[in-house]
Amino acid sequence: MINTQGQATQRGPPPPIPPKPGQYGYSAESSTPRIPAHLKGKAREGEGTDVGGAGGARGGNSYPVSNPNPNPVSSPNPVSNPNLVSEGNEQSLVMLLFHKMNSLHQMGQAHLEESRETRKLLAQIVQMGVQQPFNRQNDTVQRRRRGAVNGPEMGPIDVFSSPAPAPAPAPGPTRDGFVDHAVASQNHPGLSRLKDAVRQHFVTLSKCKTGKQLLRKHPPLKKEQITAISENAPNAIVVTADHFRVDFEESWKKGLLNQNARTIFVENFLLAVQGGMYSYPPITPDLLFADQIGDTLDRHMNTLRRRYRDAKKPKSSTQDAKNAILSRMRSRRGTLYESRVTCCIRRGLASHVRLLSLLSPAHMSGDETDSVSDGEHHRPRRVAAQKEHAALYRIVDVPWRSAEFTTFLRTTDAMYRDDWADKLGRAGIVRVQQTFLQKKGLQRRAVRTGGNPPRTRVEKPLAKDATVKYTVPSCLPRNCYKIDWLRKLQPWRRTQMGILEQDYDFTFPADSSTAMESEDPLANLMDIEPEEVDGDEDDREEFYLGGDEEEDSGDEE
Numbered sequence: 001m002i003n004t005q006g007q008a009t010q011r012g013p014p015p016p017i018p019p020k021p022g023q024y025g026y027s028a029e030s031s032t033p034r035i036p037a038h039l040k041g042k043a044r045e046g047e048g049t050d051v052g053g054a055g056g057a058r059g060g061n062s063y064p065v066s067n068p069n070p071n072p073v074s075s076p077n078p079v080s081n082p083n084l085v086s087e088g089n090e091q092s093l094v095m096l097l098f099h100k101m102n103s104l105h106q107m108g109q110a111h112l113e114e115s116r117e118t119r120k121l122l123a124q125i126v127q128m129g130v131q132q133p134f135n136r137q138n139d140t141v142q143r144r145r146r147g148a149v150n151g152p153e154m155g156p157i158d159v160f161s162s163p164a165p166a167p168a169p170a171p172g173p174t175r176d177g178f179v180d181h182a183v184a185s186q187n188h189p190g191l192s193r194l195k196d197a198v199r200q201h202f203v204t205l206s207k208c209k210t211g212k213q214l215l216r217k218h219p220p221l222k223k224e225q226i227t228a229i230s231e232n233a234p235n236a237i238v239v240t241a242d243h244f245r246v247d248f249e250e251s252w253k254k255g256l257l258n259q260n261a262r263t264i265f266v267e268n269f270l271l272a273v274q275g276g277m278y279s280y281p282p283i284t285p286d287l288l289f290a291d292q293i294g295d296t297l298d299r300h301m302n303t304l305r306r307r308y309r310d311a312k313k314p315k316s317s318t319q320d321a322k323n324a325i326l327s328r329m330r331s332r333r334g335t336l337y338e339s340r341v342t343c344c345i346r347r348g349l350a351s352h353v354r355l356l357s358l359l360s361p362a363h364m365s366g367d368e369t370d371s372v373s374d375g376e377h378h379r380p381r382r383v384a385a386q387k388e389h390a391a392l393y394r395i396v397d398v399p400w401r402s403a404e405f406t407t408f409l410r411t412t413d414a415m416y417r418d419d420w421a422d423k424l425g426r427a428g429i430v431r432v433q434q435t436f437l438q439k440k441g442l443q444r445r446a447v448r449t450g451g452n453p454p455r456t457r458v459e460k461p462l463a464k465d466a467t468v469k470y471t472v473p474s475c476l477p478r479n480c481y482k483i484d485w486l487r488k489l490q491p492w493r494r495t496q497m498g499i500l501e502q503d504y505d506f507t508f509p510a511d512s513s514t515a516m517e518s519e520d521p522l523a524n525l526m527d528i529e530p531e532e533v534d535g536d537e538d539d540r541e542e543f544y545l546g547g548d549e550e551e552d553s554g555d556e557e
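FYI, in full-length UniProt numbering the residues of the sequence shown are 1 to 557.
Encoded structure:
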C-alpha cells in the first residue's frame with residue numbers, strides 16, 4: 001500500500017501500541033514491567049512465563065523450575081474473581097496482554113509473507129510449464145465416474161510403450177501481442193478452473209443463481225429499447241459492471257446489448273483476477289486473455305439460455321418423459337465407461353487403462369430400448385420376480401470412432417461379462433474365493449451378486465438421415481479416429497484436436513481372453529445359484545448423469 005507521502009506501507013493489521021513510560025508499571029529505562037512486591041516471590045517460583053522472567057534470569061537458565069509438591073494448591077485467579085484484582089495484578093495482566101498481541105501480530109506478518117512467496121513460486125512454476133497444479137479436469141469438466149481413473153500406480157498418461165512426442169507448447173503472447181488460438185486445446189488442464197471462475201463471476205455481476213431470477217431480472221428488450229441501442233440514443237441502455245444486463249431473447253453473438261455485455265464481462269473479469277479474486281487455486285496465466293475468457297463465457301451461455309427457457313416455459317409431461325429417457329441414456333453411458341475401465345484394471349491392462357482415462361462417459365456410444373423406438377414415453381415398472389428374456393439395448397454408435405477402436409471396446413464389454421459370470425465369483429462362496437485366490441497367487445476377479453446381469457447390447461445400423469449428438473475426444477492416437485471422418489474436418493480443427501501421429505496397439509494378452517478356470521475341489525460348490533433379484537437397472541442408476549454438460553460438449557452434428 002502507498003500512503004499520502006508516497007511511501008510504501010506494510011499490509012496487515014497495525015501493530016499493537018506499546019504503553020507509555022510510567023503507565024501500568026512501565027519505565028523507559030527498562031523494557032520489562034515493574035513487578036509488584038507481593039508477586040516477586042511467585043514469579044521466582046513460576047514456570048518461566050513472561051511475568052516471571054526475572055526469576056528465570058537468576059537461575060542462570062530459562063528452564064522452568066519443577067515444583068516439588070506434586071499436588072500444588074492453585075492460587076486464586078484474579079481475572080475470574082474481580083474482587084482479587086489489585087493495582088499490581090492489573091499492571092501485570094495489561095503487559096501480558098500486550099506481549100501476547102505483539103506475538104500474534106508478528107505471527108500474522110510472517111504467515112502473510114510466506115503466503116506471498118508461495119504464490120510467487122506457484123506462478124513461476126505454472127508459467128515455466130514444469131508442473132501443472134490444481135488439475136481438476138477429471139473431476140469437473142469430464143465428470144468422471146467415482147473419481148479419476150489414472151491412479152498413482154498407473155503413472156503418467158502414456159498410451160505408448162515408447163516415449164510419446166513432446167506436446168505442443170502452451171499458447172502465449174507472440175511478438176505482435178496476439179495468441180495462436182489454433183494451438184489452444186479444450187483439454188487444457190487449467191480450463192476447468194477458468195470455467196468455474198467464469199460461472200462464479202457471472203453470478204456476481206448478474207446477481208442471479210436460478211432460471212427464475214434470470215427471467216425476473218433480465219427481461220427481454222422492447223423494440224424501442226433495441227432501436228435506441230442501435231441508434232446510440234441518449235436514453236439507450238448501457239451495460240456496466242454495476243448494471244449488468246443480458247437479453248436472452250436476442251442472439252448472444254449478434255445482439256448489440258449482448259455484445260456490450262460480453263465486452264464488459266471480459267474486462268471486469270480480468271480486472272477482478274488482477275485484484276486477487278479467484279486466486280485460490282489460481283488460474284493458469286496462459287488462459288488469461290480476452291479471447292479465451294470470451295469463448296468460455298460463450299459456452300456457459302448455452303446453459304444459461306436453457307435455464308431461461310425452462311423458467312419461461314415450463315416443460316410438459318411429454319417433454320419431462322423425453323428428458324427422463326435421455327437422462328437414463330446418459331446414465332447408461334456412465335456405467336458402460338465404468339465397466340470398461342474396471343475390466344482393464346482387474347486384468348492388469350495398464351496401457352488400456354491409460355487410453356480409457358483419456359475418455360469420459362460422454363465419449364461412449366449410446367443405446368436405446370424398445371420404449372424409445374415404439375414412441376412410448378412412459379415405461380411401466382417391472383414387478384415380476386422372473387424375467388422371460390433379458391432386455392436388449394440397441395447401440396447408437398458414434399461416427400468419429402474407427403472400426404478397430406470399436407472392436408476393442410466391444411471386446412472389453414465381453415471380457416467384463418465374462419468376469420461377471422466367472423465360476424469363482426458366485427455370491428455363495430465369496431469368502432472362500434478370496435482365500436483360495438490368495439493361496440494360489442491369482443488376481444481377484446469380480447464377484448457376481450444378485451441383480452441384473454450386464455446389459456445385452458446389439459448393433460443397430462444408423463439411418464442415412466439420422467442426426468446423432470456426440471462428443472469427440474482430443475489427443476488420441478490417430479487410429480482411434482475414422483479416416484473418412486477426419487478428412488471432412490478443416491485443417492485448423494485437426495490441429496486443435498492434437499491427434500497423436502502414432503498407432504495404438506489394441507491387442508490383448510493371450511491369458512486375458514477367457515475367464516479363469518480351476519480344477520480345485522471348490523468346483524463342488526459350483527451348483528450354488530445366486531438369488532435372482534429383479535430390479536429396474538435404469539431406476540438404480542438414474543442418480544448419476546454421466547457425460548458432459550451442454551456447455552462442455554464438443555462437436556455436435
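For glycine and all other residues, C-beta sits at the position ideal for the given N, C-alpha and C.
What's the call for residue i, buried or exposed, on a 16-neighbour Cβ count within 10 Å?
i      : result
Glu459 : exposed
Asn258 : buried
Pro477 : buried
Glu224 : exposed
Arg245 : buried
Gln106 : exposed
Pro361 : buried
Leu104 : exposed
Arg216 : exposed
Thr318 : exposed
Ala510 : exposed
Asp419 : buried
Arg392 : According to the sequence as given, residue 392 is Leu; it is not Arg. Exposed.
Give me the Cα-Cα distance between residue i and residue j, rounded to the nearest whole angstrom.
i      : j      : result
Met415 : Arg457 : 14 Å
Phe98  : Glu90  : 12 Å
Arg494 : Leu191 : 20 Å
Leu297 : Ile264 : 12 Å
Ser339 : Glu250 : 44 Å
Gly255 : Glu501 : 42 Å
Phe248 : Val239 : 14 Å
Gly315 : Ser327 : A quick correction: the sequence has Lys, not Gly, at residue 315. Taking the straight line joining both Cα atoms gives about 15 Å.
Leu271 : Ser357 : 36 Å
Pro491 : Lys195 : 27 Å
His188 : Asn102 : 46 Å
Thr411 : Pro219 : 53 Å
Ala321 : Asp286 : 44 Å
Val472 : His363 : 6 Å
Thr32  : His243 : The predicted model places Thr32 with a pLDDT of 49, which falls under 50 and marks its position as unreliable; any figure quoted below should be read in that light. Approximately 58 Å between the Cα atoms of the pair.
Gly348 : Tyr308 : 47 Å
Pro234 : Ala241 : 19 Å
Ala350 : Tyr481 : 21 Å
Gly108 : Leu489 : 57 Å
Ala110 : Gly276 : 20 Å
Asn302 : Phe508 : 42 Å
Gly211 : Lys313 : 11 Å
Could you say which of the options lies nearest to residue i if we only look at CA atoms?
i      : options                        : result
Arg417 : Ala403, Val396, Pro454, Arg394 : Pro454
Met497 : Gly275, Ser474, Gln490         : Ser474
Arg305 : Lys209, Pro509, Glu117         : Lys209
Gln213 : Tyr278, Thr471, Ala311, Val353 : Ala311
Ser115 : Ser279, Leu104, Val203         : Ser279
Arg193 : Pro281, Ala233, Leu112         : Pro281
Asp503 : Tyr393, Asp320, Leu355         : Leu355
Thr406 : Asn232, Ser206, Glu117, Phe506 : Phe506
Leu359 : Cys343, Tyr337, Thr342         : Tyr337
Please go through the same chain and pick out, in chain order, the residues whose beta-carbon is closer than 6 Å to the beta-carbon of residue i, but skip the five residues on each side of it.
i           : result
Ile201      : Checking the sequence shown, residue 201 turns out to be His, not Ile. The answer, listed in chain order, is Phe269.
residue 604 : No statement about residue 604 is possible, as the shown extent of the chain runs from 1 to 557 and does not include it.
Asn260      : Val239
Can you name, in chain order, every residue of its own chain whose Cβ lies under 7 Å from the Cβ of residue i, other than the five neighbours on each side?
i      : result
Val273 : Ile283, Leu288
Ile345 : Val353
Cys343 : Thr412, Met415, Tyr416, Asp419
Note down, in chain order, each residue of its chain lying with its Cβ closer than 8 Å to the Cβ of residue i, except the 5 sequence neighbours on either side.
i      : result
Val198 : Phe269, Ile293, Thr296, Leu297, His300
Ile237 : Leu221, Gln225, Ala228, Ile229, Arg245, Leu257
Val266 : Ala290, Ile293, Gly294, Leu297
Val203 : Lys209
Could you confirm whether any beta carbon from chain D is found closer than 8 Å to the beta carbon of residue i?
i      : result
Gln292 : Judged by its chain identifiers, the structure shown contains no chain D, having just a single protein chain.
Pairs of beta-carbons, one from the stretch 394 to 408 and one from the stretch 477 to 487, closer than 8 Å: are there three or more?
The stretch 394 to 408 vs the stretch 477 to 487: in contact.
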